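Contents: one structure, followed by commentary.
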């Protein structure tokens with residue numbers, strides 16, 4: 160048994176940077192990644208900005224050390240996982256009981272869509288090797304095999320809370336003495352299916368998204384991957400961990416297939432549960448990395464839940480999706496890395512595109528980047544479709 164679960168390191172690739180350092184540079188220079196799509200081919204290319212990773216599959220494959228014909232989802236996953244392991248500095252994985260718990264929502268759908276282009280016109284056409292990695296679990300298995308992970312491999316797919324739930328699952332494995340090390344987080348590539356689905360829901364913004372702004376009209380889709388390396392107490396003693404994963408909780412308000420309950424019941428219970436596990440009071444939280452998608456429903460329900468839990472004093476808070484876009488199954492992993500690093504280096508991230516405070520809320524997000532803040536406890540929220548809500552607390 161391990162009483163604690165520690166973050167030994169983290170890695171990110173997304174639309175604002177090919178690694179964590181590049182992402183920090185984008186935050187500091189106030190450079191969100193929204194642009195016209197270049198790698199995703201869609202009839203909506205000129206309508207909706209997206210936050211793509213600025214690299215072709217061939218370039219990503221070279222960095223990942225994987226075949227270029229594999230799904231972009233797997234390539235992004237491998238790059239971020241490798242960076243996380245390097246940052247953790249724990250050495251050869253073979254000396255530990257190691258697991259990979261990886262989240263995604265699209266699997267290898269990017270390759271399936273390419274297959275269908277030829278197949279639908281002529282059912283004797285299309286390369287079947289493009290569909291063999293279609294399902295979500297296949298992406299995780301490709302990366303686990305490439306990393307040589309054999310002890311435990313799991314895939315989480317709970318919509319937008321997937322990445323956060325991967326950390327929770329991995330943490331439980333360590334706390335119960337089943338594993339020593341877990342690479343946990345998420346990955347997702349942009350696909351036409353995703354873009355069309357969110358367009359059908361009418362929650363895509365035709366401009367840069369504005370989370371927690373009174374003028375918000377929707378989200379921008381993004382892609383990427385983010386992983387942390389979770390380690391036990393025994394391993395943490397051998398390295399210099401970034402911080403501790405001190406609390407986590409998942410709750411479901413079961414209100415609607417896609418929308419959160421208007422009053423944010425699931426959001427509130429997830430944050431409350433994470434605080435209880437960490438034995439903290441709301442006043443102990445020094446910064447909140449918001450789920451903050453920029454949709455009318457999400458920002459209102461999350462904001463009302465925060466008001467209910469934290470009023471009258473609110474910590475600094477912001478949504479990094481104002482830079483990265485909503486990376487779906489990857490978002491909880493990417494934002495966990497940002498939150499863990501915030502504890503390590505005292506970082507508060509800016510909320511880009513913010514101009515007007517929401518009328519129904521008594522607080523507004525931080526709009527400037529800063530380092531060296533005295534942050535002891537940071538909360539990261541990930542609230543998914545179906546009311547699947549998760550909150551994580553990272554502590555010094």
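Numbering (this note's numbering), first residue to last: 160 to 555.
Glycine included, every Cβ here is placed at the ideal spot set by N, Cα and C.
Computed from a prediction, not measured in an experiment: that's the story for all the values here.
What's the gap between the Cα of residue 374 and the Cα of residue 187?
Straight across, the Cα-Cα distance linking residue 374 with residue 187 is about 24 Å.
Can you give the beta carbon distance from residue 392 to residue 379, rounded, assuming they're within the 8 Å contact cut?
40 Å between Cβ atoms; not a contact.
Is the CB of residue 316 under 7 Å away from at least one CB in chain D?
This model lacks chain D altogether; it includes just one protein chain.
Beta-bridge partners of residue 262, as assigned by DSSP:
DSSP, once it has assigned bridges, lists 315, 345 as partnering residue 262.
Residue 493 and residue 423: beta carbons closer than 7 Å?
Cβ distance not < 7 Å, so residue 493 and residue 423 don't count as in contact.
Do residue 489 and residue 388 come within 7 Å of each other at the CB atom, strictly closer than that value?
No, these two residues do not count as a Cβ contact at 7 Å.
Would you kindly work out how many angstroms separate the C-alpha atoms of residue 206 and residue 194, rounded to a whole number?
Rounded to whole angstroms, residue 206 to residue 194 spans 11 Å at the Cα level.
Length of the line joining the Cα atoms of residue 465 and residue 427:
Cα to Cα, the separation comes out at about 7 Å.
Close Cβ partners of residue 522 (< 6 Å) along its chain, the five nearest in sequence each way excluded
If we look at residue 522 and ignore the five residues flanking it on each side, its Cβ neighbours are 473.
How close, in whole Å, do the beta carbons of residue 505 and residue 534 come, if the pair is a contact with beta carbons under 8 Å?
In this structure, residue 505 and residue 534 form a Cβ contact; the two beta carbons are roughly 5 Å apart against a cut-off of 8 Å.
Determine the burial state of residue 538: buried for a count of at least 16 other Cβ atoms within 10 Å of its Cβ, exposed for fewer.
It counts as buried.
What does the Cβ neighbour count give for residue 248, buried or exposed, with the cut at 16 atoms within 10 Å?
In this structure residue 248 is exposed. Its beta-carbon is surrounded by fewer than 16 other beta-carbon atoms within 10 angstroms.
Taking C-alpha atoms, which residue in 532, 544, 200 lies nearest to residue 555?
Closest option to residue 555, Cα to Cα, is 532.
Exposed or buried, which one is residue 416 when buried takes at least 16 other CB atoms within 10 Å?
Under this definition residue 416 is an exposed residue.
Taking the runs of the alpha helix (DSSP H) that are 4 residues or longer, which of them lie wholly in the segment 413-496?
Runs found: 424-436, 455-469, 480-483.
Would you mind listing the beta strand (DSSP E) stretches within the segment 184-235 that are 3+ residues and don't spill past its ends, in chain order?
For the segment 184-235, not a single whole beta strand (DSSP E) run of length 3 or above is found.
If you check the beta carbons only, do residue 412 and residue 432 fall under 7 Å apart?
Cβ atoms of residue 412 and residue 432: not closer than 7 Å.
According to DSSP, is residue 403 helix, strand or coil?
The answer is strand: DSSP assigns residue 403 an E or B state.
Would DSSP call residue 535 helix, strand or coil?
The DSSP-derived three-state label of residue 535 is coil.
Out of 501, 550, 549, 510, which one is the CA nearest neighbour of residue 530?
The shortest Cα separation from residue 530 among 501, 550, 549, 510 belongs to 501.
Count the other C-beta atoms from every protein chain shown that fall within 10 angstroms of the C-beta of residue 471, then say buried if there are 16 or more, exposed otherwise.
Counting Cβ neighbours within 10 Å, residue 471 comes out exposed, since fewer than 16 surround it.
Would you call the segment 283-303 and the segment 453-461 touching, i.e. three or more CB-CB distances under 8 Å?
Not touching, per the Cβ criterion.
Roughly how many whole angstroms lie between the Cα atoms of residue 441 and residue 201?
Roughly 44 Å separates the two Cα atoms.
Within a Cβ cutoff of 8 Å, which residues of the same chain sit near residue 613, ignoring the five residues on either side of it in sequence?
In the structure displayed, the chain extends from 160 to 555; residue 613 sits before or after that span and is not available.
Determine the DSSP secondary structure at residue 372, reduced to helix, strand or coil.
Looking at residue 372 - three-state DSSP - the assignment turns out to be strand.
Tell me whether residue 477 counts as near the ligand ADP, meaning its Cβ is closer than 6 Å to at least one heavy atom of that ligand.
The ligand ADP is not among the ligands present in this structure, which contains no ligands whatsoever.
Mark residue 397 as exposed unless 16 or more other C-beta atoms lie within 10 angstroms of its C-beta, in which case mark it buried.
When all chains shown are included, residue 397 counts as exposed.
Exposed unless 16 or more other CB atoms sit within 10 angstroms - verdict on residue 281:
So residue 281 counts as exposed.
Tell me whether residue 479 is buried or exposed, calling it buried when 16 or more other Cβ atoms sit within 10 Å of its Cβ.
Only buried fits residue 479, as 16 or more other CB atoms lie within 10 angstroms of its CB.
Could you name the residues that DSSP lists as bridge partners for residue 552?
In the DSSP assignment, the residues bridged to residue 552 are 406, 538.
From residue 102 to residue 456, what does the alpha carbon distance come to, in whole angstroms?
No answer is possible for residue 102: the residues shown for the chain start at 160 and end at 555.
Hey, could you find the ends of the alpha helix (DSSP H) residue 167 is sitting in?
Counted as a single uninterrupted DSSP element, the stretch harbouring residue 167 is not any alpha helix (DSSP H) but the beta strand (DSSP E) occupying residues 165-173.
With a cut-off of 8 Å on the beta carbons, I'd call residue 232 and residue 266 a contact; round off their distance for me.
Between residue 266 and residue 232 the Cβ distance is about 7 Å, and since that is below 8 Å, they are a contact.
To the nearest angstrom, how far is the alpha carbon of residue 305 from that of residue 223?
Taking the straight line from one Cα to the other gives about 9 Å.
Taking Cβ to Cβ, would you say residue 346 is nearer than 7 Å to residue 235?
The answer is yes: Cβ separation under 7 Å.
Distance, residue 487 Cα to residue 496 Cα
Taking the straight line joining both Cα atoms gives about 15 Å.
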